[in-house]
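Enquirer:
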Amino acid sequence: MYLVTGAAGFIGRSIAAELLKRGESVRGVDNFVTGKRANLVGLEGMEFIEGDLADQSVCKRVCAGIEVIFHEAALASVPRSVADPVATNTACVDASLYLLNEARLAGVRRVVYAGSSSAYGDTPTLPKHEGMLPKPISPYAAAKMAAELYMGAFARVYGIETVVLRYFNVFGPYQDPTSQYSGVMAVFCRKMLAGEQPTIFGDGEQSRDFTFIENVVHANLLAASAPAEKVSGRVMNAATGSRITLNQTFKALVKLTGYAGKPNYEAPRAGDIRDSLADISLAKELLGYEPQVCFEEGLRRTVEWYKSGGGN
Ligand code: UD1
């Protein structure tokens, strides 16, 4: 049986949906701090437990009888972590350690962990490859990185198989567009479809390796089944290997949404990095990973989803 943490969140629900589609048994856990009950619609085949992983007894309960865990639960967002670094640490570090500990005690075979491209920090070298020294520049990045280190240590010390996938700016259907901490793509889609002016922090020339959700789901399923001797204890990027600026993204969305105005430019955000682009050769080599859906197609499908009322 598979466990998906953060199963009511954007990435967790997408992984759970794919597992169910493949006929697998799935248990999900979420505390609904950022996850949404509406995201569980369509996942009726999943056993669901409401609970907070920062509570060790919840971790123990959800790990019983599980073979593989997809650990997606987190408090995402760089600015949220700047506003409340302790909450980010509790949700991203404490909870991950408790989960790992109960996983090893329960005999879970493998944990696939949602790492973050923010680990690379604002170093000028592009593309970012896994051999580079991590340089977190926000509390969020530091927290995601700390849990990543625990993954490696647990593989080494206890023999539980762990695989870290460093996600690069994931977007797609089910990403929450309503919070002040929502990812830029979700915010822009919602606003531009509603005819509201989106805000670009900085000059809009910052770039990201925006990765459509299906590519990340694909990488997770490969990471769950790849041979342990190849992947256990390893860290790899999950992305597309290409980047686009926010100004270009805005233009692409103008075409898809019909928004007629211009963006509002404001001062850059604290903890922001300038450019982000992944080298995906390691995931290709170790997992046989290839991006399945290109940026344009992903953006088209994303806009369609928000257009049809998703995220409200
Ligand atoms: C960061 C991480 C990412 C992580 C995510 C979690 C990097 C490169 N990426 O994403 O791996 O999963 O946090 O939340 O560190 N922006 C606007 N207008 C808005 C909202 C955002 O201009 O309304 C800008 C931001 O200032 C930033 C860019 O868009 O420059 C992307 O922001 P966001 O979507 O929040 O993601 P990152 O902070 O890049």
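In the numbering used here, the protein residues as written are 1 to 312. Using N, Cα and C, we set each Cβ at its ideal position, and we do this for glycine too. Note that this is a predicted model, so its numbers are computed, not measured.
#1: On the DSSP bridge list, what partners appear for residue 170?
#2: Is there at least one non-hydrogen atom of the ligand UD1 closer than 6 angstroms to the beta-carbon of residue 279?
#3: Taking 6 angstroms as the cut-off, is the beta-carbon of residue 122 closer than that to any non-hydrogen atom of the ligand UD1?
#4: Within a Cβ cutoff of 7 angstroms, which residues of the same chain sit near residue 116, ignoring the five residues on either side of it in sequence?
#5: Write down the C-beta distance between residue 43 and residue 64 rounded to the nearest angstrom, noting that I regard them as a contact closer than 8 angstroms.
#6: Taking residue 8 as the reference, give the member of 19, 34, 205 with the closest Cα.
#7: Between 40, 219, 118, 304, which has its C-alpha nearest residue 189's C-alpha?
#8: Could you check whether the Cβ of residue 201 sits closer than 6 angstroms to any heavy atom belonging to the ligand UD1?
#9: Measuring from the CB of residue 248, is there a heavy atom of the ligand UD1 at a distance below 6 angstroms?
#10: Among 277, 37, 154, 247, whose alpha-carbon lies nearest the alpha-carbon of residue 113?
#11: If you measure between the beta carbons of residue 236 and residue 130, is that distance less than 7 angstroms?
#12: What does a CB cutoff of less than 8 angstroms around residue 240 pick up in its chain, not counting 5 residues either side in sequence?
#13: Alpha carbon to alpha carbon, how far is residue 120 from residue 234? Give it in angstroms, no decimals.
#14: I need the straight-line Cα distance from residue 231 to residue 223, nearest angstrom please.
#15: Output the distance between the C-alpha atoms of residue 90 and residue 54, rounded to the nearest integer angstrom.
#16: Report buried or exposed for residue 133, applying the criterion of at least 16 other Cβ atoms within 10 angstroms of its Cβ.
#17: For residue 28, write down the residues that DSSP places opposite it in a beta bridge.
#18: Can you grab the Cα-Cα spacing for the pair residue 98 / residue 249, in whole Å?
#19: Could you check how far apart the C-beta atoms of residue 276 and residue 243 are, in whole angstroms? I think they sit under 8 angstroms.
#20: Checking 7 angstroms against the spacing of the C-beta atoms, do residue 78 and residue 49 come in under that value?
Expert: Based on what the coordinates show:
#1: Residue 170 pairs with 211.
#2: No, the Cβ of residue 279 stays beyond 6 angstroms of every heavy atom of the ligand UD1.
#3: Every heavy atom of the ligand UD1 is 6 angstroms or more from the Cβ of residue 122, so no.
#4: Hits under 7 angstroms: 141, 144, 166, 167.
#5: The C-beta distance from residue 43 to residue 64 rounds to 20 angstroms, too long to meet the 8 angstroms contact threshold.
#6: Checked all of 19, 34, 205; the closest Cα to residue 8 is 34.
#7: The residue from 40, 219, 118, 304 with its alpha-carbon nearest to that of residue 189 is 304.
#8: Yes, the Cβ of residue 201 comes within 6 angstroms of a heavy atom of the ligand UD1.
#9: Because no heavy atom of the ligand UD1 lies under 6 angstroms away, the Cβ of residue 248 does not count as near it: no.
#10: Comparing Cα positions, the closest option is 154.
#11: For residue 236 and residue 130, yes; Cβs fall inside 7 angstroms.
#12: 168, 209, 210, 211, 212, 215, 278, 280, 291, 294, 295, listed in sequence order.
#13: Each residue's CA atom was taken as its position, placing residue 234 and residue 120 some 16 angstroms apart.
#14: Those two C-alpha atoms are separated by around 8 angstroms.
#15: Annotation: residue 90 to residue 54 spans about 7 angstroms, alpha carbon to alpha carbon.
#16: Exposed is the call here.
#17: Its beta-bridge partners are 4, 48.
#18: Distance between the alpha carbons of residue 98 and residue 249 is about 39 angstroms.
#19: So it is a contact: roughly 7 angstroms between Cβ atoms.
#20: In this structure, residue 49 does not lie closer than 7 angstroms to residue 78 by Cβ.
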